[in-house]
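Please read the structure below before turning to the comments.
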Amino acid sequence: MSAIQILGLEKTYTIGFWRKRPKRALRPLHLAVEEGEIFGFLGPNGAGKTTTLKLLMGLVSPTAGSARILGIDANDPRVKAQIGFLPEQPYFYDYLTARELLEYYGQLSGIPAKDRGGKVEAMLQRVGLPDAGDIQLRKFSKGMLQRVGIAQAILHDPKVVFLDEPMSGLDPMGRREVRDLIEQLKKEGKTVFFSTHILSDAEALCDRVAIIHLGELRSVGVVADLTSSMHGKVELIWQGAVVPASIRALGAECHLSADTMRAVLAEDKQDAAIDALRREKLRLVSITPVRATLEDYFLQNLRSENAPSEVMA
Amino acid sequence: MKARISYIAANTFREAVRDRVLYNLIAFALLLVGAAILVGQISIDIERLVVINLGLTAVSLFGMLIAIFIGIGLVSKEIEKRTLYTMFSRPVRRWEFIVGKFFGLAGTLVVNTFLMAIGVFAALLYVSHHLQKPDAWLLVALYFIILQFLMITAIALLFSSFSSPLLSAVFAFSLFVVGSFAEDLRGFAAMTKGVTRWLATGAAYLIPNFSALNVISSVAHGEAVSGQLVFYNSAYALFYAALALCGAVLIFERRDLK
Ligand SMILES: Nc1ncnc2c1ncn2[C@@H]1O[C@H](COP(=O)(O)OP(=O)(O)OP(=O)(O)O)[C@@H](O)[C@H]1O
Ligand SMILES: [Mg+2]
């Protein structure tokens, strides 16, 4: 049984006050996430990631389609006890302290009163807020709020965890902690579905990723498979600050550092480049294949289209 | 289900109690009760009349203001600030949220009314040195005031479920004002003819009849309140509030959270 099954979920918003017109935020989406997976949901700004998560949480109603979580319709209240959700830029009742907020969410999630206090304390510890429990949330920094958000998402020990950009607003240490936490969740047997546009995080964490762009699913798979389909590149390093014209002609990007030259060019031009170096009597230091990253994948596949011009981190 | 509603209600109560607006309004109301004593001292005979009239009116007016000012934000503010994203990712149904909010604010108002009523009775005791038997009718007047609060809370929630706090405030406040003259409006409606009469009567019955729930001046004169009126008023107010709540739920169930 899949942990999450998305069956043609679709959302068209109506925008404009006077002249109403449709805005297709999500085209029919089909996707299955297996139990115990860390699944990355990637896409540029405005791709439809948050829209998908809001549909899964029942916060907006779908134009068409449905979804099942743990085999039960996603809108069934029984599902809600088994899932956790961290919204994008979470915001909470700012008149509560972190401890009170977690207590409250524990109550709503049906955690028995006798376990609640202990769980809340342990959770504050786990997300790195052991001393902030009695501070009102209106005095929290963005990163601290993000941590509280993560805490409420996993407090009740859910089976499936949905995180909308869990690393945003966190400092490098915090990002690292969240990465570790997601890995821990997987070890505990949970399914984690998270959206991000920080590609390195997705590469480091995900068993599989889906890439969505302009509301449309582009590809699903293991990161290595997605990137291996790309034309590989190689990096050549040689001694001397000279770039033969024949190598430039191959379309190499060259950088000089101290007295060595570094050039990156397509894999199939490698032999021609080596020949050129030999002709010029330049000493070759190394040849290294450059592994394609998700970033390369994004740049190659999505840049040409009319996407918002935000640069991928 | 019941547990979740009570948790939401308790949290709504906690929110109100931590809001400074509440204390300002209560302080104002008590100030008004104090002023009633001063006004009453102008003439010894009408002291009690003035204290009861002004005191209970202050309780009712400020309670209404609290109900409107807190009520209009109950739903729309949570949509605006997106605090509902996490709320509805928990096993909370939308109607439970609305009902919990209603009871939370209603509870806040009951506690307030209780505190302000103590103020009124203290003022009464101060001017007349002892309570009289007819003063017991003040309790009925206070009960009717609470019934009005239930209605206006439900109305504020209804508006809050589909419009902005500002518009909700305008709507709820106009209904409060118009509703205070509901009996007169029904009278006017009865004087018209034909289709107009149907429409006017319909409209007159649609607006909340706060004037029937206002027995302040008669209890100030020491008049009794009939059991029949207590029964009709209770049934009317509860029915009206329930209907407005149902409307709020129906609208809110269908809403996309922005
Ligand atoms: N309430 C709404 N009304 C109208 N259009 C909306 C609404 N919410 C989102 N959209 C549109 O839907 C599209 C997808 O938005 P969404 O928030 O899902 O993107 P995203 O992938 O989460 O982007 P980001 O990385 O910036 O968070 C966008 O074009 C956005 O303008
Ligand atoms: Mg988003």
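Just so you know, the protein sequences line up as chains A and B, in that order. So the first sequence is numbered by the numbering used here: it starts at 1 and just counts up by one. So the second sequence is numbered by the numbering used here: it starts at 314 and just counts up by one. Each residue gets a CB set at the ideal place from its N, CA and C atoms; glycine is no exception. Note that this is a predicted model, so its numbers are computed, not measured.
Query raised in the report: Which term fits Ile254 (chain B), buried or exposed, when burial requires 16 or more other beta carbons within 10 angstroms of its beta carbon?
Result: It is not possible to answer for residue 254 (chain B), since the shown part of chain B is limited to 314 through 571.
Query raised in the report: When Cβ atoms are compared, which residues of the segment 316 to 332 of chain B fall closer than 7 angstroms to chain A?
Result: Arg317, Tyr320, Asn324, Glu328 and Arg331
Query raised in the report: For the segment 27 to 61 of chain A, which residues have a CB atom closer than 8 angstroms to at least one CB atom of chain B, in sequence order?
Result: Lys54, Met57, Gly58, Leu59, Val60 and Ser61
Report task. May I ask whether a heavy atom of ligand 1 can be found less than 8 angstroms away from the beta carbon of Asn45 (chain A)? Result -> yes
Query - Simplified DSSP state of Tyr13 (chain A), which is helix, strand or coil - result: strand
Query raised in the report: Smallest Cα separation from Gln315 (chain A): which of A:Leu170, A:Gly221 and A:Ile83?
Result: The structure shown does not extend to residue 315 (chain A), since chain A is modelled only from 1 to 313, so the question has no answer here.
Query raised in the report: How many Å lie between Met261 (chain A) and Val242 (chain A) at the Cα?
Result: 7 angstroms
Requested in this report: Kindly indicate if chain B contains any beta-carbon less than 9 angstroms away from that of Tyr297 (chain A).
Outcome: no
Query raised in the report: Grouping DSSP H, G and I as helix and E and B as strand, with all else coil, what is Val311 (chain A)?
Result: Per-residue confidence for Val311 (chain A) stands at a pLDDT of 41, beneath the threshold of 50, marking its modelled position as unreliable; the derived number appears in the next sentence. Note: Val311 (chain A) maps to coil in three-state DSSP.
Report task. In the DSSP assignment, find the unbroken beta strand (DSSP E) run with Ala210 (chain A) in it and report its ends. Result -> Arg208 to His213
Report task. Please confirm whether any heavy atom of ligand 2 lies closer than 8 angstroms to the CB of Lys49 (chain A). Result -> yes
Query - Through-space distance from Gly432 (chain B) to Val483 (chain B), alpha-carbon basis - result: 30 angstroms
Query raised in the report: Gly298 (chain A) and Leu199 (chain A): beta carbons closer than 9 angstroms?
Result: A quick correction: the sequence has Phe, not Gly, at residue 298 (chain A). Yes, the Cβ-Cβ distance between Phe298 (chain A) and Leu199 (chain A) is below 9 angstroms.
Report task. May I ask you to list the residues that DSSP assigns as paired with Glu235 (chain A)? Result -> A:Val264 and A:Thr288
Query raised in the report: Under 9 angstroms between the Cβ atoms of Phe140 (chain A) and Ala98 (chain A)?
Result: yes
Report task. Express the C-alpha separation of Pro62 (chain A) and Tyr320 (chain B) in angstroms, rounding to a whole number. Result -> 29 angstroms
Query raised in the report: At a CB-CB cut-off below 8 angstroms, which residues of chain A make contact with Val412 (chain B)?
Result: Within chain A, no residue comes near Val412 (chain B); the closest Cβ sits about 14 angstroms away, beyond 8 angstroms.
Report task. Could you tell me whether the Cβ of Val433 (chain B) comes closer than 9 angstroms to any Cβ of chain A? Result -> no
Query - Distance, Asn75 (chain A) Cα to Val33 (chain A) Cα - result: 18 angstroms
**Report entry** Lys187 (chain A) - containing alpha helix (DSSP H), residue span
**Finding:** Pro172 to Lys187
Query raised in the report: With 16 other CB atoms within 10 Å as the buried threshold, where does Cys206 (chain A) fall?
Result: buried
Requested in this report: Name, please, each residue of chain B whose Cβ falls closer than 7 angstroms to the Cβ of Pro77 (chain A).
Outcome: Pro404 and Arg406
Query - Cβ-based neighbour list, Gly65 (chain A), same chain, cut-off 7 angstroms, excluding 5 preceding and 5 following - result: Leu7, Gly8, Leu9, Glu10 and Pro28
Query raised in the report: Straight-line CA distance for Leu181 (chain A) to Val285 (chain A)?
Result: 41 angstroms
Query - Contacts of Gln107 (chain A) in chain B (Cβ-Cβ under 7 angstroms) - result: Tyr320
Report task. Would you decide whether Leu56 (chain A) is buried or exposed? Buried here means 16 or more other CB atoms lie within 10 Å of its CB. Result -> buried
Requested in this report: Spatial neighbours of Glu566 (chain B) within its chain, please: CB distance less than 8 angstroms, with the 5 preceding and 5 following residues excluded, ordered by chain position.
Outcome: Arg407 and Trp408
Requested in this report: Put Lys20 (chain A) into one of helix, strand or coil per three-state DSSP.
Outcome: coil
Requested in this report: Would you give the residue range spanned by the alpha helix (DSSP H) that Ala64 (chain A) belongs to?
Outcome: Ala64 (chain A) -> not in any alpha helix (DSSP H); beta strand (DSSP E) instead, spanning Ala64 to Ile69.
Query raised in the report: Taking Cβ-Cβ distances shorter than 8 angstroms, what residues in chain A pair up with Thr421 (chain B)?
Result: Correct list: empty, because the minimum Cβ distance to chain A is about 14 angstroms.
Query raised in the report: What in chain A is Cβ-close to Phe401 (chain B), meaning under 7 angstroms?
Result: Met57, Gly58 and Leu59
Report task. Run the proximity test for Gln88 (chain A): is its beta-carbon closer than 8 angstroms to any non-hydrogen atom belonging to ligand 2? Result -> Looking at the sequence provided, one finds Glu at residue 88 (chain A) rather than Gln. Yes - ligand 2 has a heavy atom lying nearer than 8 angstroms to the Cβ of Glu88 (chain A).
**Report entry** Alpha-carbon spacing of Pro308 (chain A) relative to Pro87 (chain A), whole angstroms
**Finding:** Annotation note: pLDDT 48 at Pro308 (chain A) (below 50); position unreliable, coordinate value reported separately. Straight-line Cα distance between these residues: approximately 22 angstroms.
Query raised in the report: When DSSP builds the beta bridges, which residues end up paired with Phe427 (chain B)?
Result: Beta-bridge pairing links Phe427 (chain B) to no other residue.
Query raised in the report: Under 8 angstroms from any heavy atom of ligand 2, does the C-beta of Ser389 (chain B) make it?
Result: no
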